[in-house]
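S.K.: Residue numbering for the sequence shown follows the working numbering, starting at 5 and increasing by one per position.
All residues carry an ideal CB built from backbone N, CA and C; glycine is no exception.
Computed from a predicted structure; not experimentally measured.
My structure is below; once you've seen it, I'll send some questions.
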Amino acid sequence: RKRRGGKEAGGQPVSMTNMKEVYQFCGKHKIPVFFDATRVVENAYMIQQKDEHYHGVPIANILREIFLYGDGSTVSGKKDFLINIGGVLTFRDNAEWASEAMERLRIYEGNTTDGGLATHDIAAMAEGVMEMLDDQYMASRISQTQLLGQLLMDAGVPIVTPPGSHAIFLDAKRFLPHIDQDKFPAQRLAAEIYVETGVRAMERGNVSKGRNPETGENCRPSLELVRLTIPRRVYSNDHIRAVADGIIRLYHRREGIRGLRFSYEPTKLRFFQSRFESDDEPSV
């Protein structure tokens with residue numbers, strides 16, 4: 005499984021050369037290659053911008069080549085497709101996989117003609133497929149991500165570089181170096197951003213990684229990040245500047261920010277369901 009425009013580690017694109025080489029290697033060993041293609045259009049745009057062989061090539065043409073190097077894909081409609089529900093499962097020249105998937109679809113979702121979706125959602129998805137291939141739209145979208153990244157870098161705020169396509173990732177280890185990873189610096193930073201700016205960000209670090217099932221200790225991953233995902237067609241550039249200003253204010257007073265501890269930790273999906281309290285306050 006290959007994810008286009010990885011959302012966990014900085015939103016960095018996958019090169020066309022890499023996709024081709026992986027597909028050739030897997031083909032020799034009879035290993036199917038499936039794309040997590042939720043952000044594949046953004047990945048195609050980044051190829052267009054960063055690979056000299058694709059400068060000036062329309063995004064739609066780049067996408068056609070990308071899918072030559074895979075056997076199928078999964079797509080969430082909430083990303084490139086510009087809708088708020090649904091998704092797509094595709095197979096390349098494999099009737100057996102398609103038939104099995106359709107059988108499961110009937111059990112869990114609905115008919116093969118709708119997958120359990122309302123007609124207006126299917127129509128919205130069809131429109132989204134057309135609009136997401138507009139080169140000017142994609143350039144405008146990703147320019148907002150680049151703007152946020154540049155504003156933060158100019159102020160010395162530590163982020164994952166180079167800025168990716170769909171989000172900016174703050175490096176919480178460098179932003180809050182005085183907070184031990186077991187005090188969840190990325191989670192605390194995400195909370196501080198919400199209080200300061202009203203913007204909801206997402207922790208991608210020790211809380212998300214969970215505990216070692218054998219030792220019970222936190223996994224302490226190498227990356228301790230806060231993801232600032234840019235919604236499509238929501239923010240103006242003035243909004244982006246306001247978000248950057250709020251994060252820069254936090255960076256200037258970062259030494260006064262303390263860690264967190266669990267007030268409630270579930271056994272599963274703790275990054276969705278946990279509750280926290282400030283580590284410098286008594287437990288209640």
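1) Need the endpoints of the beta strand (DSSP E) that L264 sits in, please.
2) Just how far apart, CA to CA, sit A246 and V133?
3) Under the assumption that G263 contacts P189 (Cβ atoms under 8 Å), give the Cβ distance between them as a whole number of angstroms.
4) Let me know the beta strand (DSSP E) ranges lying completely inside the region 163-198, each 3 residues or longer, listed in chain order.
5) Buried or exposed for F276, going by 16 or more other Cβ atoms inside 10 Å?
6) Find the nearest neighbour of V238 within the set E104, I146, F179, judged by alpha-carbon distance.
7) Report all residues from its chain with a CB closer than 6 Å to the CB of D75; omit the five preceding and five following residues, and keep chain order.
8) Round the Cβ separation of F179 and R258 to the nearest angstrom and send it over; I've been treating them as touching at under 8 Å.
9) Are the beta-carbon atoms belonging to V92 and L67 less than 9 Å from one another?
10) Quick check: the Cα distance between E200 and T219, rounded to an integer number of angstroms?
11) Pick helix, strand or coil for E81, following the three-state DSSP scheme.
12) According to the neighbour-count rule (16 or more other Cβ atoms, all chains shown, within 10 Å of its Cβ), is T271 buried or exposed?
M.R.: From the atom records:
1) It spans 264-268 - the beta strand (DSSP E) in which L264 sits, taken as one unbroken run.
2) Straight-line Cα distance between these residues: approximately 31 Å.
3) Yes, they are in contact, since the Cβ atoms of G263 and P189 sit about 6 Å apart, within 8 Å.
4) 171-175
5) So F276 counts as exposed.
6) I146
7) Apart from sequence neighbours up to five positions away, the residues of its chain that approach D75 with a beta-carbon distance below 6 Å are P36, V37, R96, ordered along the chain.
8) 6 Å
9) no
10) About 37 Å.
11) The question names Glu, but residue 81 in the sequence shown is Gly. Three-state result, G81: coil.
12) exposed
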